[in-house]
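> Input: one structure, supplied below.
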Amino acid sequence: MRLRLHGELRFFNPRAGRTLAFQGGPSLKHLLEGAGVPHPEIDWLRVDGLAASLDSPAGAGTLVEAGSVVRVQPAGEPWRFVLDCHLGRLAKHLRLLGFDTRFQTDSPDGWLARISAEEDRWLLTRDRALLFRSIVRRGYLVRSPTPREQLAAVLARHACAASAQPLSRCLACNEPLVPERLESGLAEAPPKTRLWCREFRRCPACRKLFWKGAHFDRLMALVAARPGAP
Ligand SMILES: [Zn+2]
């Protein structure tokens, strides 16, 4: 049998884009993971041109093709993420955009996989091995080490930009923010911010105060560049 990887999946094999000869296995999932492609990254599969699934038996055809798409979320289901301990800056970016994002600096692999499975969260990780765990159904390997590139890549692969609700969630603890009285916000904000800012929000859990600063504008410019952005 031969394997051909398309789109973003080419990243997982150094002979990207070419057709590779490979050994069979009990299922296409085993076969592709043997070639280095974690199963949650595979968005579509074909065997000799016909649609197939990860559970399909391997060895039934001569050419297996696998590829990626821009992921969409089922109707009525909000985008939710869980991130590994290497992705703290990305977690803050996603929270600033209002996405429910679980992140903690102490996050064992077993916890990340379980939370992803139990809460139907997209597991974003820098650790390819984590995505080989069988209970993980939704996942994405973050390729870049740079937070802004990481966010751009996540927005490119997941059609979530249109669902962003900026400044609705605490960057520190993921709690939904509530509006703060203008007088209280002004009393607490730095002098330069007091000159122009007229809208503040507060986290009911950790009491942190938030407003739209320069960082926010830069991030929104990145989101606006995505298809389907508001
Ligand atoms: Zn908070």
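Take 1 as the starting number for the sequence shown in the numbering used here and just add one per residue.
Virtual Cβ for every residue (Gly too), placed ideally from N, Cα, C.
Please classify residue 52: is it buried, with 16 or more other beta-carbons within 10 angstroms of its beta-carbon, or exposed?
With 16 or more Cβ atoms within 10 Å of its Cβ, residue 52 is classed as buried.
> Reducing DSSP to helix, strand and coil, say where residue 12 ends up.
Residue 12 falls in the helix class under three-state DSSP.
> May I ask whether a heavy atom of ligand 1 can be found less than 7 Å away from the beta carbon of residue 208?
Judged by the Cβ position, residue 208 qualifies as a neighbour of ligand 1 at the 7 Å threshold, a heavy atom of the ligand being closer than this.
> Quick check: what's the CA-CA separation for residue 3 versus residue 64?
5 Å
> Could you check how far apart the C-beta atoms of residue 121 and residue 138 are, in whole angstroms? I think they sit under 8 Å.
7 Å
> Using a Cβ-Cβ cut-off of 6 Å (strictly less than) and excluding sequence neighbours within five positions of residue 100, which residues of its own chain qualify?
80
> Output yes or no for whether 8 Å exceeds the beta carbon distance between residue 167 and residue 103.
No. Outside cutoff.
> Using C-beta distances below 6 Å, list every residue in its chain close to residue 160, excluding the 5 sequence neighbours before and after it, in chain order.
79
> Excluding the 5 residues preceding and the 5 following residue 29 in the sequence, name in chain order all residues of the same chain whose CB lies nearer than 6 Å to its CB.
39, 54
> Verify whether the separation of the beta carbon atoms of residue 172 and residue 212 is less than 8 Å.
Not in contact: residue 172 and residue 212 (Cβ atoms no closer than 8 Å).
> Express the C-alpha separation of residue 202 and residue 170 in angstroms, rounding to a whole number.
The alpha-carbon separation between residue 170 and residue 202 amounts to approximately 8 Å.
> Expressed to the nearest angstrom, what Euclidean distance is found between the alpha-carbon atoms of residue 141 and residue 71?
The straight-line gap from Cα to Cα measures roughly 14 Å.
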